[in-house]
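Worksheet: one structure, shown below.
In my numbering, the protein residues as written are 68 to 193.
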C-alpha cells in the first residue's frame with residue numbers, strides 16, 4: 068500500500084476517523100455510499116440506515132479516539148485507533164475500508180468484543 072495521504076481511500080479514511088473522533092455522524096454519513104456494508108463483531112450491517120444507527124450508537128459511547136496508524140492507496144485503507152469508551156476504557160480497533168467513487172463502500176471493523184459483552188452482561192435489564 069502507498070502511504071501517500073493524497074491517495075483517495077487513505078484521505079477518505081482519515082476524514083472518516085476525524086469525523087468519528089468528533090462524533091460528527093453527519094460527516095460520517097456524507098462519506099458513506101448508499102450501499103455501504105459494515106462488518107463487525109456485532110454483525111453485518113447493510114445500507115445507510117443501519118450504518119447510521121451503528122455510528123450514532125458508537126458516538127454516544129466515545130470518550131476519546133486516538134489514531135495509531137493509517138495506511139492506504141486509491142481503493143483501500145486501514146486505520147488503527149485506540150478507543151476510550153464509556154463501557155471499555157481501552158480498546159484497539161482496526162478498520163479495513165474500501166472506497167469506490169470517493170465514498171466508503173465497505174468497512175470491516177475488527178476489535179475484541181469480549182470486554183463490551185462483559186459490560187453489557189453487567190448492566191441491569193429493564
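Glycine residues also receive a C-beta, built at the ideal position from the N, C-alpha and C atoms. Bear in mind that the values here come from a model prediction, so they are computed numbers and not experimental data.
Legend entry - Residues sharing a beta bridge with residue 112, DSSP: Within the DSSP bridge table, the entry for residue 112 names 105 as partners.
Inset, instruction - Could you spell out the range, first to last residue, of the beta strand (DSSP E) harbouring residue 149? - result: 143-152
Legend entry - Spatial neighbours of residue 119 in its chain, beta-carbon cut-off 7 angstroms, leaving aside the 5 residues before and after: 92 and 96
Legend entry - Nearest-angstrom Cα separation, counted from residue 184 out to residue 167: 33 angstroms
Legend entry - Per-residue DSSP class, three states only, for residue 167: strand
Inset, instruction - State yes or no: is the C-beta of residue 104 nearer than 7 angstroms to some heavy atom of the ligand MN? - result: Of the ligands one can find in the structure shown there are none, so the ligand MN has no counterpart to examine.
Inset, instruction - Using the Cα positions of residue 138 and residue 189, report the straight-line distance between them to the nearest angstrom. - result: 37 angstroms
Inset, instruction - Would you identify the three-state DSSP class for residue 94, choosing helix, strand or coil? - result: Looking at residue 94 - three-state DSSP - the assignment turns out to be helix.
Legend entry - Closest residue to residue 78 among 133, 88, 126 and 145 (Cα-Cα distance): Residue 78 has its Cα closest to that of 145, out of 133, 88, 126 and 145.
Inset, instruction - Figure out for me which residue from 153, 181 and 129 has the closest Cα to the Cα of residue 84. - result: 129
Legend entry - Simplified DSSP state of residue 78, which is helix, strand or coil: helix
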